[in-house]
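Reading through the structure tokens given below for one structure.
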Amino acid sequence: MAGTTDATVARRQLSRRLRELREAVPMTQEQAAELMEWSVSKLSRIEKGQNGVRAMDVENMCNIYRRPDQADRLGALARAAKNRSWWHAYSDVIPEGFDVYIGLEPAADRFRWYESGLIPGIFQTADYARTLIRTDHPEDTADEIERRVQLRLTRQSLLTREDSPQRWHVVLDEAILHRPIGSPAIMLAQLERLLEVSELPNVTIRIVPFHIGMHTGVTAGSHVLLDFPNSADAQFAEATTVYVEGWTGALCIDQADVVARYERAFDGIARAALSSEDSRAMISKAVKEMNAK
């Protein structure tokens with residue numbers, strides 16, 4: 001897998017900084033678009049990170065915003081944003097909205113992940129993933145299904161990355177351990193895989209047991225909080241982002257008040273969960289029960 005620098009991060013930093021420079025003048029989008037001889041919608045898409053922008057246009061924008069000192073740094077981001085990452089080879093099978101998450105994933109240094117229904121993709125075995133994908137994408141060809149599986153498995157190299165290792169704090173509902181996905185053999189192998197990754201030094205897996213009843217995860221739903229390394233330049237620091245996935249798409253949100261609500265929800269979920277040691281014991285028990293069937 002490619003390294004930790006990704007075009008997605010570069011585009012997010014560039015779009016955010018260009019918006020901040022415009023607002024600092026201050027200047028409206030209409031005024032800036034007129035000076036650049038662009039439509040307002042084009043400028044808006046650039047500031048939202050939805051469109052790329054040429055380095056020469058970035059230099060012009062920095063001059064218009066009276067910050068020519070920013071041109072070299074932002075121009076470099078504009079060039080980096082055009083790079084193609086390893087996952088672009090799978091663009092035809094990446095769900096809408098997931099491309100942003102998969103671009104941010106290598107750059108994060110900590111994940112706070114709550115899952116209520118299924119084993120997270122980052123921990124899934126090939127057979128477990130294949131079973132889910134066949135259900136979600138019944139119209140896919142065999143080749144498309146295998147490409148989706150391979151995309152998921154390739155991401156898992158992040159778990160054992162030696163350069164800038166990431167920390168994974170994952171909380172699962174107990175129901176996940178008992179919901180049969182695929183054959184008994186597939187489910188057994190998946191539970192054994194979950195037990196295996198729980199032993200990694202950078203991975204913590206905790207279970208919310210049935211008897212807890214109501215907790216904040218019931219209403220918040222599954223989500224992933226991505227934290228990023230501190231930057232020497234605060235202007236280019238990545239804010240904590242929450243990833244929320246739905247049936248028809250997904251969102252990566254870095255709006256501070258929304259992120260704060262999910263952080264409070266995750267804290268509540270963590271308080272309801274068993275310790276990592278007790279959670280491993282629960283997973284081990286589920287493995288033994290599957291072996292006995």
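With the first letter of the sequence shown counted as 1, position 192 gets the number 192 in the numbering used here; the numbers rise by one all the way through.
A virtual CB, placed ideally from N, CA and C, is assigned to each residue, including glycine.
{"Asked": "Alpha-carbon spacing of E283 relative to G221, whole angstroms", "Found": "Per the sequence shown, residue 283 should be read as Ile rather than Glu. So the alpha carbons of these two residues sit roughly 22 Å apart."}
{"Asked": "Segment contact flag, the region 188–196 with the region 77–92, C-beta cutoff 8 Å, min 3 pairs", "Found": "no"}
{"Asked": "The region 256–272 touching the region 129–144, judged by at least three CB pairs closer than 8 Å", "Found": "no"}
{"Asked": "Contact check, E47 vs R19, beta carbons under 7 Å", "Found": "yes"}
{"Asked": "Cβ pair count under 8 Å reaching 3, the region 94–101 against the region 210–220", "Found": "no"}
{"Asked": "Closest residue to R45 among E59, H178, R12 (Cα-Cα distance)", "Found": "R12"}
{"Asked": "At least three beta-carbon pairs within less than 8 Å, the region 163–175 to the region 103–119", "Found": "yes"}
{"Asked": "Proximity of D173 and G103 at Cβ, strictly below 7 Å", "Found": "no"}
{"Asked": "Straight-line gap, E34 to I64 (C-alpha atoms, nearest Å)", "Found": "11 Å"}
{"Asked": "Which listed residue (A10, A286, D57) has its alpha carbon closest to that of P180", "Found": "A286"}
{"Asked": "For F123 and S41, the rounded distance between their alpha carbons", "Found": "40 Å"}
{"Asked": "Proximity of S276 and R161 at Cβ, strictly below 7 Å", "Found": "no"}
{"Asked": "Cβ neighbour criterion (16 or more within 10 Å) applied to E115", "Found": "buried"}
{"Asked": "Inter-residue Cα distance where the pair is R67 and A250", "Found": "35 Å"}
{"Asked": "Through-space distance from W86 to T8, alpha-carbon basis", "Found": "12 Å"}
{"Asked": "C-beta atoms of Y243 and C252 nearer than 7 Å", "Found": "yes"}
{"Asked": "Element boundaries [beta strand (DSSP E), containing E115]", "Found": "110–115"}
{"Asked": "Unbroken stretches of the alpha helix (DSSP H), 4 residues or longer, contained in the region 13–99", "Found": "29–36, 40–47, 55–64, 71–80"}
{"Asked": "M61 versus N83 - alpha carbon distance", "Found": "21 Å"}
{"Asked": "Alpha-carbon spacing of E139 relative to L200, whole angstroms", "Found": "37 Å"}
{"Asked": "I145 in three-state terms, based on DSSP", "Found": "helix"}
{"Asked": "Nearest residue (CA-CA) to P120, options A71, S91, L177", "Found": "L177"}
{"Asked": "Option nearest S15 by Cα separation, candidates M36, S91, N51", "Found": "N51"}
{"Asked": "Where L225 sits in the DSSP three-state scheme", "Found": "strand"}
{"Asked": "Short Cβ contact (7 Å threshold) for G294 with E59", "Found": "Since the displayed the chain opens at 1 and closes at 293, residue 294 lies outside it and no answer follows."}
{"Asked": "Entirely enclosed beta strand (DSSP E) segments - the region 154–181, minimum 3 residues", "Found": "167–173"}
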